[in-house]
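Student: Have a look at this one before I ask anything.
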Amino acid sequence: MLTSETEIPKAKESDPKIGNFTKSTPASKIQRGKLKITVGIPRALLFYKFYSLWTTFFEELGAQVILSPKTNKKIKTTGISCAPDEDCYSTKLYYGHTMALKDKVDYIFIPRFQSEHKTNIGCPKFIGLAEAMRSMHPDLPPIIMPTYSKAKLGHGKWRIVQIVFSIGRMFTKNPFKIIRAAIRAFRSHKLWKQKKILSPKELADWKQDKIFVNHPPDLKDNSIPLKIALVGHSYMINDPYASLNIKQQLIDAGVNLITSEQMPREIIEEQMEKLDFNMYFDYERELLGTVMHFLEDRSIDGIIHIIIFSCGPDSIVGEMVSQFSKRNPIIPVLQLTFDELTGETGLRTRLEAFMDMVNRKKKRKRSA
Ligand code: SF4
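See below:
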């Protein structure tokens, strides 16, 4: 199985030539003619978990989905200047991505998504972003902002039906088209998850060197690749600019990589059962569960944990990872904090030092 960020959708990136009609153009006229309603989706945060669901749904409804460009210097600078100072780095980037779509689309899609689990929640930032964005930047196009929270508001299937129809009616009066769009979107999301998340059997095969689960390591000689788990939020490790291309840097350095988002859910939940409290931040469970699993089973050579600066949930998990790794020091753990000031040279130096240490440890273990 090979997975890479090239799986990110084919929807168009923002293009100044697109969206060449005014917001007052009636939707009926747009649909009768050649023009399609454009929906902008910022390429940040939950986009990396739900892009397949969202893009399929809007495209099946007949809209044209415009993604913000991949993160770049301009997006970062804009984000930093538009977002509240105290926000985490990833949220600041989200502001930059949203502003990149500002004059190019008819609507921007910023869901207020809190949880898909009965007790666990996502980050509170996810639910507040749309309102914060609208009040701080009233010149943005209309924001499509459905609310969904299983944990706090008890939402379930009926709520999904309500959301599907309330958005669907903005694009078509045909209920069958709306239902078909939703079915295809959920099917596409399920397939994406199956492709991205490993089964326990695939994980076992990776541990036994039967398969690669990312690009094969770039080995310069006949050396044996190091097995490293890269642990961090999907919106950081899959964003080459924000993460300073850490995935590629590791592959180029001969690492056989697995990431926390690829870990089988059964294994994560098995680890969470061992805690004497409920880790209720849903996405942090993935990070902590991955670290706990590999510290316990020792099938890899090292763990790299990415912490996002100013992230509350990350600071809790960061401390726990540090405590667990002190109790179980056989597997080296490197913790890296990323923010807008993190530089590529500094990162490379820290990665090289870590890899040297892991390599020496591996050689000692083999010769013992
Ligand atoms: S979980 Fe952390 S990094 Fe992600 S949006 Fe929330 S505060 Fe930011």
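Heads up, my numbering is the position in the sequence shown plus 154, with the first residue counted as 1.
Where is the CB? At the ideal position from N, CA and C, for every residue including glycine.
#1: What residue range does the beta strand (DSSP E) around Asn410 cover?
#2: DSSP puts Leu380 in a beta bridge; with which residues?
#3: May I have the straight-line CA-CA distance separating Pro483 from Ile275, to the nearest angstrom?
#4: Exposed or buried, Gly308, counting other C-beta atoms within 10 Å across all chains shown (16 or more means buried)?
#5: Buried or exposed, going by whether 16 or more other CB atoms sit within 10 Å of the CB of Arg520?
#6: Classify Arg323 as helix, strand or coil using the three-state DSSP reduction.
#7: Taking the alpha-carbon positions, what's the Tyr205 to Lys228 distance?
#8: Measure the beta-carbon distance from Phe492 to Phe463 and round it to whole angstroms, keeping in mind my assumption that it falls under 8 Å.
#9: Measuring CB to CB, does Tyr395 end up less than 7 Å from Asn226?
#10: In chain order, what residues of the same chain have a beta carbon less than 7 Å from the beta carbon of Asn513, not counting five sequence neighbours either side?
#11: Would you say the stretch 425-445 touches the stretch 397-410, given that touching needs at least three Cβ pairs under 8 Å?
#12: Helix, strand or coil for Pro273? Go by DSSP, reduced to three states.
#13: Do Ser269 and Lys311 have their CB atoms nearer than 7 Å?
#14: Cβ atoms of Thr209 and Asp260: under 7 Å apart, would you say?
#15: If you reduce the DSSP assignment to three classes, tell me which class Val385 lands in.
#16: Which whole-angstrom value is the C-beta distance of Gly322 and Ile332, which I expect to be below 8 Å?
#17: Looking at the structure shown, is Arg452 part of a helix, part of a strand, or coil, going by DSSP?
#18: Helix, strand or coil for Pro170, going by three-state DSSP, please let me know.
#19: How is the alpha helix (DSSP H) around Gln425 delimited, first residue to last?
#20: DSSP puts Thr499 in a beta bridge; with which residues?
#21: Could you pull out every residue in the same chain whose Cβ sits closer than 6 Å to the Cβ of Pro238, ignoring the five residues on either side in sequence?
#22: Check for me: the beta strand (DSSP E) holding Val487 runs from which residue to which?
#23: Measure from the alpha carbon of Lys145 to the alpha carbon of each residue in Ala335, Tyr302, Asp257 and Ser414, then state which is nearest.
#24: Looking at the C-beta of Thr245, does it have a partner C-beta in chain B at a distance below 7 Å?
#25: What is the DSSP secondary structure of Gln416, reduced to helix, strand or coil?
#26: Does the distance between the C-beta of Asp393 and the nearest non-hydrogen atom of the ligand SF4 fall short of 6 Å?
#27: Note down, one range per segment and in chain order, each beta strand (DSSP E) of at least 3 residues found wholly within the stretch 198-265.
#28: Assign Gln268 to one of three DSSP states: helix, strand, or coil.
#29: Do Ile461 and Asp468 count as a contact pair if the criterion is CB distance below 7 Å?
#30: Closer than 8 Å by C-beta to Phe340: which residues in its own chain qualify, once you throw out the five before and the five after it? Chain order, please.
#31: What residue from Glu415, Pro486 and Ala217 has the CA that sits closest to Lys347's CA?
#32: Less than 6 Å separating the Cβ of Ser235 from some heavy atom of the ligand PLP?
#33: Heavy atom of the ligand SF4 less than 6 Å from the Cβ of Thr245, yes or no?
#34: Hey, Lys279 and Gly250: beta-carbon distance below 7 Å or not?
#35: From the DSSP output, which residues share a beta bridge with Gly194?
#36: Roughly how far, in whole angstroms, is the beta-carbon of Lys258 from the beta-carbon of Gly194, given that I think they are within contact range, below 8 Å?
Tutor: For this structure:
#1: Val409 to Thr413
#2: Val409
#3: 31 Å
#4: exposed
#5: exposed
#6: coil
#7: 23 Å
#8: 6 Å
#9: Against a cut-off of 7 Å, the Cβ pair of Asn226 and Tyr395 comes out as a contact.
#10: Beyond the five residues adjoining it in sequence on each side, Asn513 comes within less than 7 Å, by CB distance, of Leu380 in the same chain, given in chain order.
#11: no
#12: The question names Pro, but residue 273 in the sequence shown is Thr. Looking at Thr273 - three-state DSSP - the assignment turns out to be coil, as it is neither helix nor strand.
#13: no
#14: Thr209 is positioned such that its CB atom lies no closer than 7 Å to that of Asp260.
#15: Here DSSP, grouped into helix, strand and coil, assigns Val385 to strand.
#16: 3 Å
#17: coil
#18: Caution applies to Pro170, whose pLDDT of 34 falls short of 50 and renders its modelled position unreliable; the model cannot decide the point.
#19: Arg419 to Met426
#20: Its beta-bridge partners do not exist; DSSP assigns none.
#21: none
#22: Val487 -> beta strand (DSSP E) spans Val487 to Phe492.
#23: Absent from the structure is residue 145, since the part of the chain shown begins at 155 and ends at 522.
#24: You won't find chain B in this structure, because it holds only one protein chain.
#25: Gln416: helix per DSSP, three-state reduction.
#26: The answer is no for Asp393.
#27: 218-221 and 261-263
#28: strand
#29: Pairing Asp468 with Ile461 gives a Cβ-Cβ distance under 7 Å.
#30: Leu207
#31: Nearest option by C-alpha distance: Glu415.
#32: Looking for the ligand PLP in the displayed structure turns up nothing; the ligands present are the ligand SF4.
#33: Checking every heavy atom of the ligand SF4 against the Cβ of Thr245, one is found closer than 6 Å.
#34: no
#35: Ile220 and Ile262
#36: 7 Å
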